[in-house]
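Residue numbers (UniProt numbering): 1 to 103.
To start, the structure under review is shown below, and the notes come after it.
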């Protein structure tokens, strides 16, 4: 019975390795991603530091995510409706994180 679990465990590890390797070969095709992942300086990656060793975004993009500025990713102002109130910092961070990381 323990031999069966060893075989299952081995199969899971091999499968996981190939799935991960296939996933990490290339980056999304956008203006904000590299062509292929490379290492970046972990201290400069801010919120993206967990991916610094194999990153699809450079430190400039990582800093824009970490320190939301005045403009949105496509130069669209975050606070377009000042008479209705500005977006909260948490909301800005959610939008920036999703847009920069995945698009």
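The beta carbon of each residue, even a glycine, is placed where N, CA and C say it ideally should be.
Since we're looking at a predicted model, the values are computed, not measured.
Query, Result
"Skipping 5 residues on each side, what residues in its chain have a beta carbon closer than 6 Å to that of residue 45?", "52 and 62"
"Which of the three DSSP states, helix, strand or coil, is assigned to residue 55?", "strand"
"Using a 10 Å radius around the Cβ and a threshold of 16 neighbouring Cβ atoms, would you call residue 40 buried or exposed?", "buried"
"Look at residue 34 and residue 58 and say whether their C-beta atoms are less than 8 Å apart.", "yes"
"In three-state terms, what does DSSP make of residue 50?", "helix"
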